[in-house]
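J.: Following this message is one structure expressed as structure tokens.
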Amino acid sequence: MRTSKLSDLRRLCVTSDTLPSVLYLHDIQLPHARWHQPVAGGSFSDVYKAKKGTLDVAIKVIRTHQINDEEKTKKLKKNFIGEALIWASCRHENVLPFLGVDKRNFQHGMCMVLPWMQHGKVLCVLKLLREANSLGGNQERVNTWICQIAKGLAYLHSSGIIHGDLRAANVLLDENYNIKLSDFGLSLIVDDILTQATTIERTPNWIAPELLNPEKFGESSSKPTLAADIYAFGCVTIELYTGKPPYPGIPSYRVTAKVMEREPIPRPAFYEEPRYMNDSIWHIVKQCLSYFPNSRPSASMITGNLEVGLMN
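Residue 56 in UniProt numbering sits at position 56 of the sequence shown, and the numbers go up by one each step.
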């Protein structure tokens, strides 16, 4: 029932080119926004630090200036409205909350307001621990983070939501060092439009084989799927263990070739220490990285198996 009502509301909002008024925030303080420098950015967006009352927030701004086509801009806005509404409906401890949309500081209005994550990206924290020679004893914490990522992904999938761009760069840590999944649906907002308007290509290290070469699997589209999210989850576990995605340090075309040729990914050791991923988790990761999408487990199965594996 909830999914049906959300679909109806999404359809109405996309048709009318607007979100429910409660999602438009008018108290976001970003002094001199035009000249304010972003604190981070990705292929399609910039992130600014701002204030909502006394609360630190992040504003993620879609780069509409990369488009010089009015029809594509309109389509981008409709995509943004649809995905923003879906994100706003999510409630889970391992999913970053969506606070609303800022129309005050950026005129085009495609600006998501999100809680500011004090500790930032999970890989940045692991890098700091490594530089301080403090990684020892943190393998168990990383295993817990992997389980939290699985729980967040299972929630999204149970709600009919595809993440579409799962990688460690989109996995954040809150003030208590708990996982928050971010940027789900962002690829669905921008991929069809901005990838046509720019020379940006997505890095293949996290992309499932059926999306790299849909025709080989009898598909006509490379749009993200639930099964592709599972493949990406397997890649993220390797990132958390090694600081690098599968097949690191080589050009994209060689990564694609290795994936399509089914070159095995070696069992990861924890940041080059003589401690490998335990048998239970590695078995799950290998299933996630299966070449054929129907051989991969569901996110809920992964969560259950991980919880059992971490107890052993």
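For each residue, glycine too, the CB sits at the ideal point set by N, CA and C. Quick caveat: nothing in here was measured; it's all calculated off a predicted structure.
What are the start and end residues of each continuous beta strand (DSSP E) run of 3 or more residues lying completely inside the region 195-264, in chain order?
T.: Entirely contained in the region 195-264, not one beta strand (DSSP E) run reaches 3 residues.
J.: Of all the options N176, A132, A58 and P209, which has the alpha carbon lying nearest to the alpha carbon of Y253?
T.: Selected option, being the one with the closest Cα: P209.
J.: Among the candidates L96, A227 and Y271, whose CA atom is the shortest distance from the CA of P245?
T.: Looking at the Cα atoms, Y271 is the closest of the given residues.
J.: Quick one: residues in its chain with C-beta nearer than 8 angstroms to the C-beta of R275, no 5 flanking neighbours on either side, listed in chain order?
T.: These residues qualify, in order along the chain: Q139 and A269.
J.: Less than 8 angstroms separating the beta-carbons of M112 and A84?
T.: In this structure, A84 lies closer than 8 angstroms to M112 by Cβ.
J.: What separation, rounded to the nearest whole angstrom, lies between the Cα atoms of K77 and D17?
T.: Taking the straight line joining both Cα atoms gives about 8 angstroms.
J.: Where does P115 fall in DSSP's three states?
T.: Correct three-state label for P115: strand.
J.: Taking the alpha carbon of P115 as the reference point, which residue from G164, W206, K60 and T73 has its own alpha carbon closest?
T.: For P115, the nearest C-alpha among the options comes from K60.
J.: Rounded to a whole number of angstroms, what is the C-alpha to C-alpha distance between P293 and C13?
T.: C-alpha separation (whole angstroms): 33 angstroms.
J.: When you compare the CB positions of L153 and S89, do they come within less than 8 angstroms of one another, or not?
T.: Against a cut-off of 8 angstroms, the Cβ pair of S89 and L153 comes out as no contact.
J.: Would you mind sorting V236 into buried or exposed? The rule is 16 or more other CB atoms within 10 Å of its CB.
T.: V236 is buried by the Cβ-count criterion.
J.: Determine the extent of the alpha helix (DSSP H) in which V142 is found, giving its start and end residues.
T.: Here the alpha helix (DSSP H) through V142 covers Q139 to S158.
J.: If you draw a straight line from the C-alpha of M1 to the C-alpha of D8, how long is it?
T.: Because the pLDDT at M1 is just 47, under 50, the model does not fix this residue reliably, and the value given afterwards should be weighed accordingly. The alpha-carbon atoms of M1 and D8 are separated by roughly 11 angstroms.
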